[in-house]
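**Q** Line order of the protein sequences matches chains A and B. So for the first sequence, the UniProt record's numbering puts the first residue at 1; every next one is plus one. So for the second sequence, the UniProt record's numbering puts the first residue at 1; every next one is plus one.
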Amino acid sequence: MALTSFPVELIRADFPILAEKIRNKPLVYLDNAASCQKPNAVIDSISHVYRHEYANIHRGVHTLSVRATDKFEAAREKVRGFINAASSKEIIFVRGATEAINLIAQTYGKANIKAGDEIVITAMEHHSNIVPWQMLCEQTGAVLKVASMNIQGELLYNEFASLLNNKTRLVAVAHMSNALGTINPVELIIAAAHAHNIPVMLDGAQAIPHLAVDVQALDCDFYVFSGHKLYGPSGIGVMYGKQALLEAMPPYQGGGDMIKTVSFEKSTYAGLPHKFEAGTPSIADVIGLGAAIDYLNEIGMANIAAYEAELLDYATQQAKQIKGLRIIGEAGDKGAILSFVLDRIHPHDIGTMLDSLGIAIRAGHHCAMPVMEFYGVPATARASFAMYNTRQEIDVLMNGIESLIDVFELS
Amino acid sequence: MFEDLRDLYQEVIFDHNRNPRNFRVIADADRKVEGFNPLCGDRLTLYLKMDGDRIVDASFQGSGCAISTASVSLMTEIIKDKTEAEAEALFKTFHEMTTGKSEDIQLEAVGKLAVLAGVREYPARVKCATLAWHTLDAALKNQQQPVSTE
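#1: Do you know whose CA, among A/T380, A/Y388, A/A192 and A/A115, lies nearest A/P16's CA?
#2: Cα-Cα, which of A/Y50, A/F82, A/R362 and A/S45 is closest to A/V215?
#3: Report yes if the CB atom of A/I208 is closer than 7 Å to the CB atom of A/V286, and no otherwise.
#4: In angstroms with no decimal places, state the Cα-to-Cα distance between A/L27 and B/D4.
#5: Any beta carbon from chain A within less than 7 Å of B/M75's own beta carbon?
#6: Assign A/I359 to one of three DSSP states: helix, strand, or coil.
#7: Given 8 Å as the limit, is there contact between the stretch 262-276 of chain A and the stretch 112-120 of chain A, that is, 3 or more CB pairs closer than that?
#8: Between A/A291, A/L230 and A/Q134, which lies nearest to A/I304 when the distance is taken from Cα to Cα?
#9: What span of residues does the alpha helix (DSSP H) with A/I304 cover, start to end?
#10: Mind checking A/Q318: buried by the 16 CB within 10 Å criterion, or exposed?
#11: If I measure Cβ to Cβ from A/K320 and keep anything under 8 Å in the same chain, skipping five residues before and after, which residues do I get?
#12: Which term fits B/S73, buried or exposed, when burial requires 16 or more other beta carbons within 10 angstroms of its beta carbon?
#13: Roughly how many whole angstroms lie between the Cα atoms of A/G288 and B/G111?
#14: Taking A/D349 as the query, report the chain B residues whose CB atoms sit under 7 Å from its CB, ordered along the chain.
#15: I'd like the span of the alpha helix (DSSP H) that includes B/S59, first residue to last.
#16: Going by other Cβ atoms of all chains shown within 10 Å of its Cβ, with 16 needed for buried, is A/K71 buried or exposed?
#17: Tell me whether A/A95 sits in a helix, a strand or coil according to DSSP, three-state version.
#18: Output, in sequence order along the chain, the residues in the stretch 33-53 of chain B whose CB is closer than 9 Å to any CB in chain A.
#19: Note down, in chain order, all residues in the stretch 356-373 of chain A with a beta-carbon under 8 Å from any beta-carbon belonging to chain B.
#20: Quick one, which of A/L354, A/G364, A/Y375 and A/A383 has its alpha-carbon nearest B/M1's?
#21: Within 7 Å (strictly less), CB to CB, does A/R23 reach chain B?
#22: Spatial neighbours of A/A2 within its chain, please: CB distance less than 6 Å, with the 5 preceding and 5 following residues excluded, ordered by chain position.
#23: So, helix, strand or coil for residue 463 of chain A, using DSSP?
#24: Are there 16 or more other CB atoms within 10 angstroms of the CB of A/Q37, so buried, or fewer, so exposed?
#25: Within a Cβ cutoff of 6 Å, which residues of the same chain sit near A/T98, ignoring the five residues on either side of it in sequence?
#26: Report the residues of the stretch 113-128 of chain B with a CB closer than 8 Å to any CB of chain A, ordered along the chain.
#27: My understanding is that B/A129 touches B/S68, with C-beta atoms under 8 Å, so please give their C-beta distance in whole angstroms.
#28: Report the three-state DSSP secondary structure of A/V61 (helix, strand or coil).
#29: May I have the straight-line CA-CA distance separating B/Y9 from B/G118, to the nearest angstrom?
#30: Would B/L5 count as contacting chain A if we go by Cβ distances under 7 Å?
#31: To the nearest angstrom, how far is it from the Cα of A/A193 to the Cα of B/N22?
#32: If contacts are defined as beta-carbon pairs under 8 Å, then A/D203 and A/A174 qualify, I think. What distance do you get, rounded to the angstrom?
#33: Relative to the alpha-carbon of A/A368, which residue among A/A34, A/Y29 and A/V8 has its alpha-carbon at the smallest distance?
#34: Check whether the Cβ atoms of A/A123 and A/V146 lie closer than 7 Å to each other.
#35: Let me check understanding here. Comparing Cα to Cα, which of B/K141, B/L136, B/Q143 and B/V126 lies closest to B/C40?
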């Protein structure tokens, strides 16, 4: 789809916050990799739940509870369709990608990973796909193996493949890197791991708003993501797992909703997906996530991906014109993230200066300290794009960067 | 273009960021403490040479944003030839100035450091300005462990 035919202005009109003024300037929101803004469809659906449909789910026989339960389970079905899972039983609601990874580490991991076993991740993981595995390794005596990347930020696939052996129990890889934008060759990764009968978890937190994801076509064993990066509410996320794996896994937290029967002698656990959903979930937010998915389906993930690819190309070309700017992360296959550093100007100064122009970017280590270490920088500035960003906004960003370079050099 | 930021990024700050003062190691330093804000990546090592309770030389090495670099550079200038008690008093005043807890700070009392008063309007950047001073505080108390203001 050509840039001009993507209905970006119509989409922008659906996001009320984009009309905000920041420091008396129109907001240019380029911190989407941290969290996306919400369309009216999501905001209204949450408000509608609390006004007309709210009660606890899976409990009462009363009408409101039934209504809330129906909406909640309908949202689960929407998530299933969105990632093309085989069954809605494979869709577990959690707080976010972070909780999903912790869940997998503490249930699947504890049940299947023992001292001397190995877990393989990559050098570009977010802290949330490093620390839960380190904790599991401390608990079990397992060993964390890290596959390297090249200076473009691309996984060294051959090195990755050489790490797989009969001690490897799990591969856990970012589908797309939050710090670099790299999209990993997940089809190859999954095929290589499966050749050794090793299951693969994909951290889809960054990929999910940018790419069409089909968990059956990928044949991944687990796929996790957060709702708030998918234009949905914060505090809700999804763990997808293949049904056979989920059934064999012990429960995560104990409590209401996850049991079949309870006595003081012994309790039995509910079936999927409820086994992993102890306690009252974030009901309205699950329904809001369903509304976000409806909204995205209307636009079409393929159209979004094509539009964002053109935005990234444009931003990359413009950035390369700026003297003293170094792009961090230049993988051949890349999502809409532009991480960069400027000669002798710290990312936090860049962040504050751009903020004064109404431009929101992220400055820092992006929860990926090992990535910063690899590139020898304390932090980067990161502009991350969403389907509602425009070429004009990229121009505002680039003008801002050029102006702040002038201020630092001339004043 | 950056009119709104004049109070934060004053000329003195750009000057000290471009040409940090006392940017060197004191080989025979009596005190040496590291300040590190891992979230920002601001990192400095502060060196003090003492004569009794008087700071006779101060220097630093490290890297950080303009605010943290200017803050530590200015600090090494101003604390030279101050007693420990005088330096502690400056720390206290500086802290009050940058965190905005006191309305009527005597800006004359802090001299050139007043250029950093603007940081109080930028809560996310206060930790940049105060890292140097908390590191100094630790050095004066003869503490060894790295300091953070995050």
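Glycine included, C-beta positions come from ideal geometry on N, C-alpha and C. Here the structure is a predicted model, which means the values were calculated and not measured.
**A** Checking against the coordinates, here is how it stands:
#1: As a position in the first sequence, residue 16 of chain A is number 16, starting the count at 1. Residue A/Y388 is the option with its Cα nearest to A/P16.
#2: If you number the first sequence from 1, residue 215 of chain A lands on position 215. The shortest C-alpha separation from A/V215 is found at A/F82.
#3: Here residue 208 of chain A corresponds to residue number 208 of the first sequence, with the count starting at 1. Here residue 286 of chain A corresponds to residue number 286 of the first sequence, with the count starting at 1. No. Outside cutoff.
#4: Within the first sequence, the letter at position 27 stands for residue 27 of chain A. Within the second sequence, the letter at position 4 stands for residue 4 of chain B. Distance from the CA atom of A/L27 to the CA atom of B/D4, rounded to whole angstroms, is 16 Å.
#5: As a working mapping, residue 75 of chain B is identified with position 75 in the second sequence. Output row for B/M75: interface = no.
#6: Along the first sequence, read from residue 1 onward, the residue named residue 359 of chain A stands at position 359. Strand at A/I359.
#7: With the cut-off at 8 Å, the stretch 262-276 of chain A and the stretch 112-120 of chain A do not touch.
#8: Here residue 304 of chain A refers to the residue found at position 304 of the first sequence. Comparing Cα-Cα distances from A/I304 to each of A/A291, A/L230 and A/Q134, the minimum goes to A/L230.
#9: In the first sequence, counting from the first residue as 1, residue 304 of chain A sits at position 304. Start and end: M301 to K320.
#10: Along the first sequence, one-based indexing puts residue 318 of chain A at 318. That one is buried.
#11: Your numbering for residue 320 of chain A matches position 320 in the first sequence. Spatial neighbours of A/K320 in its own chain (CB-CB distance under 8 Å, excluding positions within 5 residues in sequence) are listed in chain order as I327.
#12: Position 73 of the second sequence holds residue 73 of chain B. Answer is buried; the Cβ neighbour count reaches 16.
#13: Translated into positions along the first sequence, residue 288 of chain A becomes position 288. Translated into positions along the second sequence, residue 111 of chain B becomes position 111. Whole-angstrom Cα-Cα distance: 54 Å.
#14: The sequence position of residue 349 of chain A within the first sequence is 349, counting from 1. From the beta-carbon of A/D349, the residues of chain B found nearer than 7 Å are C65 and A66.
#15: Here the question's residue 59 of chain B lines up with position 59 in the second sequence. Boundaries around B/S59 are those of the beta strand (DSSP E), R54 to S63, since no alpha helix (DSSP H) includes it.
#16: Within the first sequence, the letter at position 71 stands for residue 71 of chain A. By the beta-carbon neighbour count (other beta carbons within 10 angstroms, threshold 16), A/K71 is buried.
#17: In the first sequence, counting from the first residue as 1, residue 95 of chain A sits at position 95. Note that residue 95 of chain A corresponds to Arg in the displayed sequence, not to Ala. For A/R95, the three-state secondary structure derived from DSSP is coil.
#18: Residues of the stretch 33-53 of chain B with a C-beta atom less than 9 Å from some C-beta of chain A are P38, L39, C40, G41, D42 and R43, listed in chain order.
#19: Listed by position along the chain: S356, L357, G364, H365, M369 and M372.
#20: Here residue 1 of chain B refers to the residue found at position 1 of the second sequence. With distances taken between CA atoms, B/M1 lies nearest to A/L354 out of A/L354, A/G364, A/Y375 and A/A383.
#21: Against the first sequence, residue 23 of chain A aligns to sequence position 23. Answer yes: the Cβ-Cβ gap between A/R23 and chain B drops below 7 Å somewhere.
#22: Counting from 1 along the first sequence, the entry for residue 2 of chain A is found at position 2. Legend: pLDDT at A/A2 = 49, less than 50; position of this residue unreliable, value from coordinates given subsequently. If we look at A/A2 and ignore the five residues flanking it on each side, it has no Cβ neighbours.
#23: The structure shown does not extend to residue 463 of chain A, since chain A spans only 1 to 411, so no value can be given for it.
#24: In the first sequence, residue 37 of chain A corresponds to position 37, counting from 1. Classification for A/Q37: buried.
#25: Here residue 98 of chain A corresponds to residue number 98 of the first sequence, with the count starting at 1. Same-chain partners within the cutoff: S128.
#26: The stretch 113-128 of chain B vs chain A, Cβ under 8 Å: Y122, A124, R125 and C128.
#27: Along the second sequence, read from residue 1 onward, the residue named residue 129 of chain B stands at position 129. Along the second sequence, read from residue 1 onward, the residue named residue 68 of chain B stands at position 68. Cβ-Cβ separation between B/A129 and B/S68: approximately 7 Å, consistent with a contact (criterion under 8 Å).
#28: Position 61 of the first sequence, counted from the first residue, corresponds to residue 61 of chain A. DSSP, reduced to helix, strand and coil, places A/V61 outside both helices and strands of the structure shown, so it counts as coil.
#29: Counting from 1 along the second sequence, the entry for residue 9 of chain B is found at position 9. Counting from 1 along the second sequence, the entry for residue 118 of chain B is found at position 118. Straight-line Cα distance between these residues: approximately 8 Å.
#30: Locating residue 5 of chain B in the second sequence gives position 5, counting from the first residue. At least one chain A Cβ lies under 7 Å of B/L5.
#31: One-based indexing of the first sequence puts residue 193 of chain A at position 193. One-based indexing of the second sequence puts residue 22 of chain B at position 22. About 55 Å.
#32: Numbered from 1 along the first sequence, position 203 holds the residue referred to as residue 203 of chain A. Numbered from 1 along the first sequence, position 174 holds the residue referred to as residue 174 of chain A. Going by Cβ atoms, the distance from A/D203 to A/A174 rounds to 5 Å, so yes, they are a contact pair.
#33: Mapped onto the first sequence, residue 368 of chain A falls at position 368. In terms of Cα proximity to A/A368, the closest of A/A34, A/Y29 and A/V8 is A/A34.
#34: Locating residue 123 of chain A in the first sequence gives position 123, where the first residue counts as 1. Locating residue 146 of chain A in the first sequence gives position 146, where the first residue counts as 1. Against a cut-off of 7 Å, the Cβ pair of A/V146 and A/A123 comes out as a contact.
#35: Position 40 of the second sequence holds residue 40 of chain B. Nearest in C-alpha terms to B/C40, of all of B/K141, B/L136, B/Q143 and B/V126, is B/V126.
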